[in-house]
Structure formats: structure tokens, C-alpha cells
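**Q**
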Amino acid sequence: MRTHRAVVAAVLVLGVGAPAAAAHDAEIFATNNTAIITDPADPRLDDPLIAFEREASRLIEDGGGRVRGSDLLDGVFFDSGSGSTTFERSRVFAVGGVEPDELHTIADTIRARFSQQSVLTFDRLPASDPRVDGVELDVPSVTADELRTGLLNDRPAAERLFGGSVTQADHLRLVAAVEDRQFALDFAQRIGGDAKRARIAYGDREFVEGPLPVRVEQRTLIVEGTADPDDLALAFEGGRVRVGDATFARHRFDRVRVDLGDGLDTLTISGRRRVELSAQGDRVRFDEVELDNTDVLQVETGDGADTLAVGDLSATDTFQVIADLGAGADRATVYGSEDGDQISFGTFGVLAPTYVLFDQPERIDRLTIDGRGGDDILSASVDSMAVTLVGGAGDNVLLGGPGDDLLVGGPGFDDARGGLGRDTAKLGGDFDRFSWRAGDGSDSVDGGASRDSVFMEGSSAAETFTVKRGRIVHDSDVLTVDDLEELNLVAGGGADTIDVADRPGLELVDVSLAGLPITAKGDNAADRVLVDGTPGRDRLTLTGKGTTATLTGLQAKVNVSHAEPADTLRIDTGRGRDDVDTSAFTPGVIGLQILD
Numbered sequence: 000m001r002t003h004r005a006v007v008a009a010v011l012v013l014g015v016g017a018p019a020a021a022a023h024d025a026e027i028f029a030t031n032n033t034a035i036i037t038d039p040a041d042p043r044l045d046d047p048l049i050a051f052e053r054e055a056s057r058l059i060e061d062g063g064g065r066v067r068g069s070d071l072l073d074g075v076f077f078d079s080g081s082g083s084t085t086f087e088r089s090r091v092f093a094v095g096g097v098e099p100d101e102l103h104t105i106a107d108t109i110r111a112r113f114s115q116q117s118v119l120t121f122d123r124l125p126a127s128d129p130r131v132d133g134v135e136l137d138v139p140s141v142t143a144d145e146l147r148t149g150l151l152n153d154r155p156a157a158e159r160l161f162g163g164s165v166t167q168a169d170h171l172r173l174v175a176a177v178e179d180r181q182f183a184l185d186f187a188q189r190i191g192g193d194a195k196r197a198r199i200a201y202g203d204r205e206f207v208e209g210p211l212p213v214r215v216e217q218r219t220l221i222v223e224g225t226a227d228p229d230d231l232a233l234a235f236e237g238g239r240v241r242v243g244d245a246t247f248a249r250h251r252f253d254r255v256r257v258d259l260g261d262g263l264d265t266l267t268i269s270g271r272r273r274v275e276l277s278a279q280g281d282r283v284r285f286d287e288v289e290l291d292n293t294d295v296l297q298v299e300t301g302d303g304a305d306t307l308a309v310g311d312l313s314a315t316d317t318f319q320v321i322a323d324l325g326a327g328a329d330r331a332t333v334y335g336s337e338d339g340d341q342i343s344f345g346t347f348g349v350l351a352p353t354y355v356l357f358d359q360p361e362r363i364d365r366l367t368i369d370g371r372g373g374d375d376i377l378s379a380s381v382d383s384m385a386v387t388l389v390g391g392a393g394d395n396v397l398l399g400g401p402g403d404d405l406l407v408g409g410p411g412f413d414d415a416r417g418g419l420g421r422d423t424a425k426l427g428g429d430f431d432r433f434s435w436r437a438g439d440g441s442d443s444v445d446g447g448a449s450r451d452s453v454f455m456e457g458s459s460a461a462e463t464f465t466v467k468r469g470r471i472v473h474d475s476d477v478l479t480v481d482d483l484e485e486l487n488l489v490a491g492g493g494a495d496t497i498d499v500a501d502r503p504g505l506e507l508v509d510v511s512l513a514g515l516p517i518t519a520k521g522d523n524a525a526d527r528v529l530v531d532g533t534p535g536r537d538r539l540t541l542t543g544k545g546t547t548a549t550l551t552g553l554q555a556k557v558n559v560s561h562a563e564p565a566d567t568l569r570i571d572t573g574r575g576r577d578d579v580d581t582s583a584f585t586p587g588v589i590g591l592q593i594l595d
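In numbering that gives the first Met the number 0, the protein residues as written are 0 to 595.
1) Taking the beta carbon of Gln115 as the centre, do at least 16 other beta carbons fall within 10 Å, making it buried, or is it exposed?
2) Give me, in chain order, the residues of the same chain whose beta-carbon lies closer than 7 Å to that of Ala461; leave out the 5 immediate sequence neighbours on both sides.
3) For Leu276 versus Gly224, is the C-beta spacing smaller than 9 Å?
4) Strictly by DSSP, which residues pair up with Leu397?
5) What is the DSSP secondary structure of Thr567, reduced to helix, strand or coil?
6) Only counting runs of 3 or more residues, tell me where the beta strand (DSSP E) segments fall wholly within the segment 88 to 123, in order along the chain.
7) Let me check understanding here. Comparing Cα to Cα, which of Gly149, Met455, Gly418, Ala525 lies closest to Ser83?
8) Taking the alpha carbon of Ser582 as the reference point, which residue from Lys544, Asp571, Pro564, Glu337 has its own alpha carbon closest?
9) Helix, strand or coil, according to DSSP, for Glu287 in the structure here?
10) Let me know if Phe347 comes out buried or exposed under the rule of 16 or more other beta-carbons within 10 Å of its beta-carbon.
11) Going by beta carbon distance, what residues of the same chain come within less than 6 Å of Thr306, once the five residues before and after it are set aside?
12) Given the structure, does Gly504 come close to the ligand GTP, in the sense that its CB is under 8 Å from one of the ligand's heavy atoms?
13) From this set, Gly428, Val97, Gly491, Leu488, which residue's C-alpha is nearest Asp24's C-alpha?
14) Just to confirm my understanding: we take Glu299, look at its own chain, exclude 5 residues before and 5 after, and list those with CB closer than 6 Å. What are they?
15) Which residue comes first and which comes last in the beta strand (DSSP E) that contains Asp580?
16) Could you tell me the boundaries of the beta strand (DSSP E) in which Ser560 lies?
17) In the DSSP assignment, what residue or residues form a beta bridge with Gln592?
18) If we call anything under 9 Å between Cβ atoms a contact, is Phe433 one with Val453?
19) What does a CB cutoff of less than 8 Å around Gly393 pick up in its chain, not counting 5 residues either side in sequence?
20) Relative to the C-alpha of Val510, which residue among Val177, Val499, His473 is closest?
21) Quick check on this structure: which residue in Gln554, Leu550, Ala562, Tyr201 has the alpha carbon closest to the alpha carbon of Asn523?
22) Quick one: give me the first and last residue of the beta strand (DSSP E) that Asn32 is part of.
23) Could you have a look at Asn152 and say whether DSSP puts it in helix, strand or coil?
24) Cα separation between Asn152 and Glu216?
25) Looking at Gly420: is its Cβ nearer than 9 Å to the Cβ of Asp445?
26) Would you list the one or two residues that DSSP bridges to Gln297?
27) Give the single residue among Gly390, Thr423, Tyr334 whose Cα lies nearest to the Cα of Leu405.
28) Count the other CB atoms within 10 Å of the CB of Lys195; is the residue buried (16 or more) or exposed (fewer)?
29) Output the boundary residues of the beta strand (DSSP E) element that contains Ala200.
30) With DSSP run on the structure shown, which of helix, strand or coil describes Phe186?
31) When DSSP labels each residue in this structure, what does Arg67 get in the three-state scheme?
32) Assign Leu483 to one of three DSSP states: helix, strand, or coil.
33) So, is Ala631 buried or exposed, given that buried needs 16 or more other C-beta atoms within 10 angstroms?
34) From what residue to what residue does the beta strand (DSSP E) around Arg57 run?
35) Cα separation between Asp571 and Gly417?
36) Look at the Cβ atom of Gly317, then the Cβ atom of Val295, and state whether they are nearer than 9 Å.
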């Protein structure tokens, strides 16, 4: 229906054969005319619109509606500027089996297909429904000439009702605002209508001038934003999906497509226990949902054990994900890119290729940060969630936080430190290193394949380090080790004791007796290094020069650096006939005790 100005009502005259009200849910009033016709004798007004009827009916069926019937209309419209009337041939389609948004979408499809400014729809509803904003009057005994004359002679009615449509028969159906019900009925009676036999239906009338921002098209739920900042909510509620105030049955669509347009836009997703966000081209995908032009994504999984995964979304418009995982033991994973990343977890959230902020996380929640490809630096500085750092491919640095962390290396070189808490490190392939400092607590390290090392750093206090089978004990802390080949230890200040009596699996024990920070000299304290031989015959060689002494001949080479004369290296060869060659040892490098 072509309009010339803002429309507040419409008058339509139908043939006697119009379908009964109970046979359909709604009406669509439309035309294919784009011309302005001022002559009532114009031959274009004789077109029965058969081809238009077929095409429009197909569009209705394709949109999910069922065409119950179609009637030809002759429109008469009042032009308030010139005080004259214009004319138009159109059709009304009785449509069944449609939801309100489907009705709108079908009407807009017809509008666009036939280049119309607007298409009128009337969706029938019970009179008590709060959505009712219009009435449809079916009044017998009105002709087209009577309608035209009535509009020309009754300026208030023409201005208020604007116009309508008539057929060769004498049935008038008039759609008006619900508050104009009596006004329209009185007008129909004044132009000859039989008001006593008039039928009244209530419903939602709309002049469709464009697509709905939220609608279902071709089994796809489409959500569109505006050029301004938008803040929308997409809620999955069992068999229905709610978008703002609109609700859609889940069986009506297979996909969801969201495009929020320009502006700084936020979309809140709720009702999904498992959300895995990934980038497909320049769009964000999870399950059947595709997001475009969505800057901030808020995910609310609710209470219970939920799962959230956030991939590298840097190629999309989404730069921030806000996660509210609710109560319960939840699992979240944040992925890096295939390039080198620096990803950190702190009170600010996770700084990654996509910024992830957790709203009220719990310590029973598990956060995994996976660096994926490239040489990555992954770190944590808070224990608001249990943390797993996964280096992935490349050479990586893994820095745990104050909680009980899990550090997982990959096929490249990994440099890991657990920090405070009871941490576990699984270092993977290639040469890897695990660092431990006094005060870090009791940790567990599995070096995995290849040659791996542990770096331990004491403090300025007097401490005892004891190397045992599968353990390295520091005072009350225990570092459980497996598949480690090197121990590098800096004792720090104080009179320390380093007991490396039992060294299964180790190939090198490197002990520095320097203070902290490390200098070329020792720590000016009397440190002791204890080395035991084997029960069998040992052939040992001790060399020493400057401040370094080296003992070979055992499974593990023992190297002591930053030594002073006040320090002691005690070698207990144990049982058996043993030999200790000290010919290359310079006296005074370190105090020496050899027990046989």
C-alpha cells in the first residue's frame, strides 16, 4: 500500500465473498502499483492483479504463512495538501498460521519486492489482549462512489481516516485505531453503510515500512542493532529464545544471526551451560549462533558446573568477553593465537588476544590459559580461580600465581615457575626448566621426555637442601620430581647445608654458594655440601680452581661454584674400595673432607 504521509487509519471495502474471520489470523493489504493515479477512469485501475496475486501468495507461503484467500480492492486516498483524491488497485490476503514477527517479515518482503513505501497488516487478537491497538469494521452496503464522496465532503474524517479501498460490491472493511472505533463506525453509517450488520474485530495493526530488528527468516533468527550503541539480551529458555521483550519458539529456526551494527554494542547471552566462542572469519561463532558487529559479549551461564571457552577473537569486532559463571565448579578456557602472545591473569581479568573479565569468580572454578602456537609468556598473579597454564607449541614461559596451579609444557622449550601454593608442572618434550624459590611451597614436577632441569633458589637465612629419591626437600617444603636430569641450586646467604647423597636420575648437580643477588664472591657464611658415594667401588675425580670445585665419577656430576675456604665439601665414599683423585684440586678453593 503506497502512502503519501503518516497514516493513522485505513478504510477498505471488500467483496461479499470475503473469508470469514475465523478462517485466518491476519490480513495483509498490498499492491504492486508505484504510480500516482488521479483519474478514476485510468485503465490501470482495471488490472485484476492476477500475476501480483500469484507472486505475493508465493512470498507469503515462503515466509511460513498460509494464504486463505485474496480479494481485489480499489483504493481511494485523500490528499490533504491538494484536497483531492488519488486511486490505487490492490489486494487483501487472508493469512493463517503466522506469528506476529512472521507477519511483519512477510509484509516487508512484499513491500521490498514491489517497491512499496509501506504494507498494512492486521493481526487479529482477543479484544482483551493488551496488544490491541486497532479495530477492523466489516460494514455492508457501501459503494466506491459513496466512499469517495464521503471523504471529499467530510474533511475531518478524511484527515483522520486518510483513505481506504472499495470493490465493485458493497462490503466495507475499515481498519482504524482502536480509539477511533466509534468515529469510523459513524463515518461508515453516514456514507450509507448498514451499521446494524457491521462486524468488529480487534487486533494489532501495523504499517510495515522495513524489517523488524528481531525476526525469523528462512529458519534463521535475525537480530539487528542500530547505528547507536546497543545493549541487547539473548536468553535461551528451554524451548524458547528471548530477545529483549520478544520471545521465539525454538522449533521455528535452526540458526541465530546477530548483527548489532555501528556503535559500541553489548550482547548478553544467558541460558547456555556450555559456551565455546571461536572466530570464523570476521565473525564470532558458538553452536548455532553467529555474531557480527558485537563489541562486548557478556556470558551468563547460571549456577551449576558450566563450561566457557574463548578463542582468539582478534579478527572479529568482539574485543571483550565478560563471564558470569554463577555458583558451582565451572571450567573456563582462554586461548591465545598461533603467534607469540603475552597473556596474564590478574584482578583485571585475562589479558589475551581477547580480553576476558570474570564477574565474581570462585576458587573452585578452573581457568585454563592455552597459549597455542608461537613463543608465549603466560602468567597468573591471583588465586581467585584455580589456574592451568598450557604453553602449547613454541618456546614458552609459564609463571604461576599464589594458588595451586597446573603448568603444562609443550614440545618446545618451556621455562616454568609455580610461585606460591602447591603447584604441579608437566613439562613435556624438549629441554625444559622448572624454577623454585624459597617460600614457594611444596610443588610437583614431571620433566617428561628429553633433558630437563630444576632451578632452586634459597634465601638469606641458613637453610638445608636435601636431595632424595624422587624428592628435593627444603626445610619443611618438598619438591617432588620425576624425569629430571639437572639440578641447579643457588643457596643464597646464610650457613646452608646441601645434601646430595641420593641422586637417582640426575646427571648434573650444580650448586652455587653465592649470596643473593649473585656476585662473583661467596656469601661469607660457612656452607656445607655433602656428597655420598655408592656401595660399590667408586673412582672419583675432584678438580678445583679459583672458587669452583667439580666432582666426577658418580652418576651425577657435582659442581660447586662461588666457594670460599670457610665452606666445606664433604665426600663420603661409603663402603667398598674407592679412589678419589684430587691431583687437579687446588687447596683453599673449598674446605675438603673425604670420608672412607
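Using N, Cα and C, we set each Cβ at its ideal position, and we do this for glycine too.
**A** Here's the rundown:
1) buried
2) Gly493, Ala494, Asp495
3) no
4) Leu377, Ala415
5) strand
6) 118 to 123
7) Gly149
8) Lys544
9) Coil.
10) exposed
11) Within its own chain, the residues whose Cβ lies closer than 6 Å to the Cβ of Thr306, once the five positions on either side in sequence are excluded, are Arg273, Arg330, listed in chain order.
12) Among the components of this structure there are no ligands whatsoever, and the ligand GTP is therefore not found.
13) Sorting Gly428, Val97, Gly491, Leu488 by C-alpha distance to the C-alpha of Asp24 places Val97 at the top.
14) Ser269, Asp323
15) 578 to 584
16) 556 to 560
17) Arg569
18) yes
19) Gly339, Gly370, Gly372, Gly373, Asp374, Asp375, Gly409, Gly411
20) The shortest C-alpha separation from Val510 is found at Val499.
21) For the residues Gln554, Leu550, Ala562, Tyr201, the minimum Cα distance to Asn523 belongs to Ala562.
22) Asn32 -> no beta strand (DSSP E), and no H or E assigned at all.
23) helix
24) 45 Å
25) no
26) According to DSSP, Gln297 bridges with Thr267, Ile321.
27) Thr423
28) exposed
29) 198 to 207
30) It is helical.
31) strand
32) coil
33) In the structure displayed, the chain extends from 0 to 595; residue 631 sits before or after that span and is not available.
34) Element bounds for Arg57: not the beta strand (DSSP E) but the alpha helix (DSSP H), 49 to 61.
35) 34 Å
36) A small fix is needed here, since residue 317 is Thr in this sequence, not Gly. A contact, by the Cβ cut-off of 9 Å.
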